[in-house]
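Trainee: Would you mind keeping the following structure in view while I ask a few things?
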Amino acid sequence: MSEDWPLFEVFIRSRAGLEHKHVGSLHAADARMAIEHARDVYTRRQEGVSIWVVRSVDIRASDPEEAEALFEPARDKVYRHPTFYAIPEEVKNL
Amino acid sequence: MSAALPVAGEAAQPAAQARYVLRLADTALVLGQRLSAWIGHAPALEEDLGLANLSLDLIGQARLLLTYAGELEGRGRDEDALAFLRDAPEFANLTLAEQPNGDFGQTIVRQWLIDTWQLQIYQGLSASRDTRLAAIAAKALKETRYHYRFSSGWLVRLGDGTDESHARVQRALDELWRFTTELFTPDELDERMSAAGIAPALAQLAPGWSARIDQDLATATLRRPAAQPYPWHGKCGVHSEHLGHLLGEMQHLQRTYPAAQW
Chain A
1 MSEDWPLFEV FIRSRAGLEH KHVGSLHAAD ARMAIEHARD VYTRRQEGVS IWVVRSVDIR
61 ASDPEEAEAL FEPARDKVYR HPTFYAIPEE VKNL
Chain B
95 MSAALPVAGE AAQPAAQARY VLRLADTALV LGQRLSAWIG HAPALEEDLG LANLSLDLIG
155 QARLLLTYAG ELEGRGRDED ALAFLRDAPE FANLTLAEQP NGDFGQTIVR QWLIDTWQLQ
215 IYQGLSASRD TRLAAIAAKA LKETRYHYRF SSGWLVRLGD GTDESHARVQ RALDELWRFT
275 TELFTPDELD ERMSAAGIAP ALAQLAPGWS ARIDQDLATA TLRRPAAQPY PWHGKCGVHS
335 EHLGHLLGEM QHLQRTYPAA QW
């Protein structure tokens, strides 16, 4: 039966204030069922306080072939990292 | 039991209360055992986990209730002794709970009927004068709300699904409906417990249950079967032929190797 059901990607928020993280995927007939399945499959050990599901086919991914064009140009631009500021001694925990 | 000079009738109260708690416990235990038989056989891996979760919730409820019943009874029986060393006539579960799994549709109909019943019962019990029972019911109610979400969702999917799935759940409903009379037909013990403020009065819960049933059946495009006069008496220990087989499997290990541990 599950081969007939579309695939959903599951995102779980582990605690209030944190972001939802991708935890895996599962089959379900629709979004409601996907949330129930996600609850049963991925939150059995109190892993989460919130669930997002999205149809896998609705996710668009970058093309690995284009990785060079997409990500290489950032490599020699170290000045984009905020590491060139002098931090006053009084500022802790930055 | 050390209370000074109980008034007439009160002395027998713990024993009666133990019998009442056993009804709740056994319904949860027997249904949990039934559901566990789906493990490895459900229509999809995700449903397999879902049914296993329901089963574990119910067995967890049964453990709390059996332990409490054992204490009320005061005969030194713990949860294991009560679960594994009683015979069918001593079990006080609803007759509906012991009915076979059948196909997935029949399991869903049975689950939905008991979930809707437990929603009413646990809601009522969470206001019990018995604070221990009220606490167990409040915990169980949260679990039951999810069970109901699961079973009512499937009832609608199957009922309002294909011709085949509709026909199967309607057949299951027609088959199991005769066991629902027992759910809200009070006997002497039920009335005694509600008079003492320990349990809700079944007659007051029935309309809420009935309304929910009608609403779900309408959404699922299913037909409510005609009322059956014979109430069945599982909660008094008079069971259908299925309980003995279920207990045979569930109790086999403890009966063969008493006090075995692993």
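Chains A and B, in that order, give the protein sequences. So for the first sequence, the numbering used here puts the first residue at 1; every next one is plus one. So for the second sequence, the numbering used here puts the first residue at 95; every next one is plus one. Just so you know, even glycine gets a beta-carbon here, dropped at the ideal spot from N, CA and C. Quick caveat: nothing in here was measured; it's all calculated off a predicted structure.
1) Could you name the residues of chain B that His22/A contacts, counting a contact when the two beta carbons are closer than 9 Å?
2) I need the straight-line Cα distance from Gln46/A to Asn195/B, nearest angstrom please.
3) Within its chain, find whatever has a CB closer than 7 Å to the CB of Pro352/B; leave out the 5 residues flanking it on each side and keep chain order.
4) What's the C-alpha gap between His27/A and Arg239/B?
5) If we define contact as Cβ-Cβ less than 7 Å, is Asp40/A a contact residue for chain B?
6) Which of the three DSSP states is assigned to Ala92/A in this structure?
7) Kindly list, in the order they appear in chain A, the residues whose Cβ is closer than 7 Å to that of Leu143/B.
8) Does the beta carbon of His37/A come closer than 7 Å to any beta carbon on chain B?
9) Taking Thr274/B and Leu190/B to be in contact with their CB atoms under 8 Å, please state how far apart those CB atoms are, rounded to whole angstroms.
10) Taking contact to mean at least 3 C-beta pairs separated by less than 8 Å, is the stretch 155-163 of chain B in contact with the stretch 121-129 of chain B?
11) Using a Cβ cut-off of 7 Å, which residues of the stretch 145-174 of chain B contact any Cβ in chain A, in chain order?
12) For Gln270/B, which residues of its own chain have a beta-carbon under 8 Å away from its beta-carbon, when the five flanking residues on both sides are left out?
13) Which residues bound the beta strand (DSSP E) around His20/A?
14) Closer than 8 Å by C-beta to His336/B: which residues in its own chain qualify, once you throw out the five before and the five after it? Chain order, please.
15) Can you confirm whether Leu26/A, when its beta carbon is compared against all beta carbons of chain B, has any partner nearer than 7 Å?
16) Beta-carbon of Glu140/B versus every beta-carbon of chain A: anything under 7 Å?
17) Can you pull out the residues from the stretch 119-130 of chain B whose beta carbon lies closer than 7 Å to at least one beta carbon of chain A?
18) Phe178/B lies in the alpha helix (DSSP H); which residues open and close that run?
19) Are Leu160/B and Leu150/B touching if we call contact CB-CB under 7 Å?
20) Can you tell me whether Glu192/B is helix, strand or coil according to DSSP?
21) Determine the closest residue to Ala182/B out of Leu340/B, Leu347/B and His346/B, with distance taken between C-alpha atoms.
22) Between which residues of its own chain and Thr313/B is the CB-CB distance below 6 Å, once the five residues before and five after are set aside?
23) Roughly how many angstroms lie between the CA atoms of Ser14/A and Leu316/B, to the nearest whole one?
24) Going by beta-carbon coordinates alone, are Val263/B and Gly247/B separated by less than 7 Å?
25) In three-state DSSP terms, what is Leu125/B?
26) Quick check on this structure: which residue in Ala69/A, Arg60/A and Met33/A has the alpha carbon closest to the alpha carbon of Phe244/B?
27) Applying the criterion that 16 or more other CB atoms from any shown protein chain within 10 Å of the CB defines a buried residue, is Asn93/A buried or exposed?
Mentor: Let's see:
1) Going along chain B, no residue has its Cβ under 9 Å from His22/A, so there is no contact; the nearest lies around 18 Å.
2) 29 Å
3) none
4) 23 Å
5) yes
6) In the sequence as presented, Ala is not what sits at residue 92/A; that position holds Lys. In this structure, Lys92/A counts as coil in the three-state DSSP scheme.
7) Asp40 and Val41
8) yes
9) 7 Å
10) yes
11) Asn147
12) It should be noted that the sequence gives Leu, not Gln, for residue 270/B. Result list for Leu270/B: Leu190, Gln193, Gln200, Val203, Arg204 and Leu207, in chain order.
13) His20 to His27
14) Glu192, Gln193 and Pro194
15) yes
16) yes
17) none
18) Glu173 to Phe178
19) no
20) helix
21) Leu340/B
22) Val250
23) 39 Å
24) no
25) helix
26) Met33/A
27) exposed
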